[in-house]
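Read in the working numbering, the sequence shown has 249 at position 241, and its numbers run on one by one without any break.
First the structure, in the form of structure tokens, and then the observations on it.
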Amino acid sequence: MAGDDESFLADLTDFLNSLQPPTELQTHDGIAIEATALQLDNDQLLAESEALLASCDGSTSTASQVSIPRDHQSADAEGFKALEDQRRELRNKQAAKRRRKYHNKLKNERQTLQEQELTLSEELSELQRTRRKKTKLLQVKRVLDPVWEAIAARQMEGRSVAEEQQKRLKSAVASRQKVIREVGEMMRQQLCGVHSPQMCGANSTTDANLRQLDADDIALFEDYLQDIDTVYAQTDEAFRGSGLEENPRTSYKVGPVRRRDGDVEFLESLDVLLVQHDFEQTCNAMWRAMVHVHRRQDRQQYRGVTDPDNTIAVKLRIPCPRDSGEPVDMLVHLVTRRYVEAGRVVIVWRAMTEGDDEFSGMHSDEFGWCVIRPNERKSTLPTVMATFARFVPMTVATHFEDKAHVDQFAKFVVTSGEEDGAEISRMMEALLLDDPVRTESTLQRV
Numbered sequence: 009m010a011g012d013d014e015s016f017l018a019d020l021t022d023f024l025n026s027l028q029p030p031t032e033l034q035t036h037d038g039i040a041i042e043a044t045a046l047q048l049d050n051d052q053l054l055a056e057s058e059a060l061l062a063s064c065d066g067s068t069s070t071a072s073q074v075s076i077p078r079d080h081q082s083a084d085a086e087g088f089k090a091l092e093d094q095r096r097e098l099r100n101k102q103a104a105k106r107r108r109k110y111h112n113k114l115k116n117e118r119q120t121l122q123e124q125e126l127t128l129s130e131e132l133s134e135l136q137r138t139r140r141k142k143t144k145l146l147q148v149k150r151v152l153d154p155v156w157e158a159i160a161a162r163q164m165e166g167r168s169v170a171e172e173q174q175k176r177l178k179s180a181v182a183s184r185q186k187v188i189r190e191v192g193e194m195m196r197q198q199l200c201g202v203h204s205p206q207m208c209g210a211n212s213t214t215d216a217n218l219r220q221l222d223a224d225d226i227a228l229f230e231d232y233l234q235d236i237d238t239v240y241a242q243t244d245e246a247f248r249g250s251g252l253e254e255n256p257r258t259s260y261k262v263g264p265v266r267r268r269d270g271d272v273e274f275l276e277s278l279d280v281l282l283v284q285h286d287f288e289q290t291c292n293a294m295w296r297a298m299v300h301v302h303r304r305q306d307r308q309q310y311r312g313v314t315d316p317d318n319t320i321a322v323k324l325r326i327p328c329p330r331d332s333g334e335p336v337d338m339l340v341h342l343v344t345r346r347y348v349e350a351g352r353v354v355i356v357w358r359a360m361t362e363g364d365d366e367f368s369g370m371h372s373d374e375f376g377w378c379v380i381r382p383n384e385r386k387s388t389l390p391t392v393m394a395t396f397a398r399f400v401p402m403t404v405a406t407h408f409e410d411k412a413h414v415d416q417f418a419k420f421v422v423t424s425g426e427e428d429g430a431e432i433s434r435m436m437e438a439l440l441l442d443d444p445v446r447t448e449s450t451l452q453r454v
């Protein structure tokens, strides 16, 4: 079969060589015809190949039924091989493209992750720095909090002390102003002759101190003036029972202390003051202060005393503040006398305080002794002034069963006496500091 094919091709080649060369038109037409014929042959070849493949059952025994030229089989195999190569090359190109695309995707993702890593690392570093700062601040705060609390406590304490000192200074300024006004008034009275009413003429007749007293007031004053010498005779006995030190080293105060003698209950207080001025100056200033305080225009003076230079008898009304804030008046009758001895001056007083309004029917009998003497110790405080007072609260009526009410009245009486004593002490100090030379000796022994 192969030999027939080779002989056929050889005959065809000789036939073609024997033909004359075609013209240009014929050449073009022949080429077209040959292309058409070749296309037809190819189509026929494909049709035959398909028929052959369809009829083939996979066995080599059927090859004798269909006669296919070996050249055609070789061409088909090469075509299939080329097609497979193309397909393989295309698949390789597509795979390479996919790999490049996936590689680029991984590369982009890696770059994105690296950028995120840098960003998160910076955020983490910032958070760690912030945390370290907060931790450090907390540690510093734990250390400094007690310090600041201590500083705040000291400042608060200092502020409280400053406010308290400011209150005391304001009170001292107000008291000093009052003393200055009273000293000025006393000086004017001395210039007018306050101890000799005849020298003041018309001014004395218009003075509120010269108002007429009731008959009951006069009788009470006469009774107290007769008893005042008896009170003076009890001076040493009173101080022996008061607990007064023989030679005190410093000023001090005791009481008021509640005591009882049988059925009688009373209050006692002791006040010892060491004065830096000499004995005579202190005595004169003390008496002048008492005279001025008890002869003010708001007090009625009893003029029937036999020794006006050493005796004071006055009637006064004192407002005492209650717990509710409203004042209650206390009516006081007071008799004071000065006794000048060798080496000391004794001032004694007797007073009766009567309650008003809700305290009507209550009264208090008061006895007081003040001894001024030189200090036996060699000290920069050459004068000792000791004051001892006894208050005996009593009730005229029998309906006062509330002991707290009676105690409140007794408290008012003691407070008013202490306020009078404090005012006299301020006046005495002002007189000693204002013009110590003018406290010339006016002491006459009894």
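A virtual CB, placed ideally from N, CA and C, is assigned to each residue, including glycine.
Test item: CB-CB of residue i and residue j under 9 Å
i, j, result
"arginine 346", "threonine 314", "no"
"arginine 381", "glycine 429", "no"
"arginine 358", "aspartate 225", "no"
"phenylalanine 367", "phenylalanine 417", "yes"
"aspartate 364", "leucine 342", "no"
"valine 414", "valine 379", "no"
"glutamate 262", "isoleucine 432", "The sequence shown places valine at residue 262, not glutamate. It is not a contact, given that the beta carbons lie outside the stated cut-off."
"tyrosine 310", "alanine 293", "no"
"arginine 434", "serine 277", "no"
"leucine 252", "proline 264", "no"
"methionine 436", "alanine 297", "yes"
For residue i, the three-state DSSP class (helix, strand or coil)
i, result
"glycine 369", "coil"
"alanine 252", "The sequence shown places leucine at residue 252, rather than the alanine named in the question. DSSP places leucine 252 in coil when its eight states are reduced to three."
"alanine 136", "The residue you asked about is not alanine; residue 136 is glutamine in the sequence shown. Helix, per DSSP."
"valine 414", "helix"
"proline 390", "coil"
"aspartate 269", "strand"
"aspartate 286", "coil"
"arginine 257", "coil"
"tyrosine 310", "coil"
"aspartate 315", "coil"
"glycine 166", "helix"
"arginine 466", "Summary: the structure shown does not reach residue 466, with the chain confined to residues 9 through 454, and so no result is reported for it."
"alanine 90", "helix"
"glutamate 384", "coil"
"glycine 263", "strand"
"glycine 3", "Residue coverage of the chain in this structure runs from 9 to 454, which leaves residue 3 outside it and unanswerable."
"alanine 160", "helix"
"glycine 363", "strand"
"threonine 121", "Threonine is not the amino acid found at residue 121; the sequence shown has leucine there. Helix."
"leucine 145", "helix"
"alanine 397", "strand"
"aspartate 222", "coil"
"alanine 103", "helix"
C-alpha gap between residue i and residue j, whole angstroms
i, j, result
"threonine 127", "arginine 140", "20 Å"
"alanine 104", "serine 129", "36 Å"
"glutamate 273", "leucine 221", "32 Å"
"arginine 108", "glycine 87", "31 Å"
"valine 239", "leucine 324", "22 Å"
"aspartate 271", "alanine 160", "56 Å"
"serine 250", "glycine 369", "30 Å"
"asparagine 112", "arginine 99", "19 Å"
"threonine 138", "leucine 146", "12 Å"
"proline 154", "serine 179", "37 Å"
"glutamate 254", "leucine 152", "56 Å"
"phenylalanine 136", "glutamate 171", "With the sequence shown as reference, residue 136 is identified as glutamine, and phenylalanine is not the correct amino acid for it. Their backbone Cα atoms lie some 49 Å apart in a straight line."
"alanine 158", "methionine 164", "10 Å"
"threonine 423", "arginine 162", "35 Å"
Nonlocal neighbours in the same chain, by C-beta distance under 6 Å from residue i, ignoring five residues either side
i, result
"tryptophan 295", "Arg346"
"tryptophan 377", "Thr243, Ala246, Val356 and Phe396"
"valine 421", "Thr361, Ser372 and Phe399"
"aspartate 279", "Lys261 and Thr395"
"phenylalanine 229", "Tyr310 and Ala321"
Pick from the options that is closest to residue i, judged by C-alpha positions
i, options, result
"leucine 281", "Val400, Thr238, His341 and Pro256", "Pro256"
"histidine 285", "Lys101, Leu441 and Asn100", "Leu441"
"isoleucine 326", "Arg307, Pro316 and Asp317", "Arg307"
"alanine 241", "Leu114, Glu349 and Arg268", "Glu349"
"arginine 385", "Thr258, Val299 and Glu426", "Thr258"
"glutamate 288", "Tyr232, Asn383 and Gly369", "Asn383"
"aspartate 237", "Arg118, Thr344 and Val151", "Thr344"
"leucine 439", "Gln122, Val299, Asp337 and Glu92", "Val299"
7 Å Cβ shell around residue i - same chain, five flanking residues per side excluded
i, result
"valine 283", "Thr290, Leu389, Thr391 and Met393"
"aspartate 373", "Met360, Val400 and Met402"
"lysine 419", "none"
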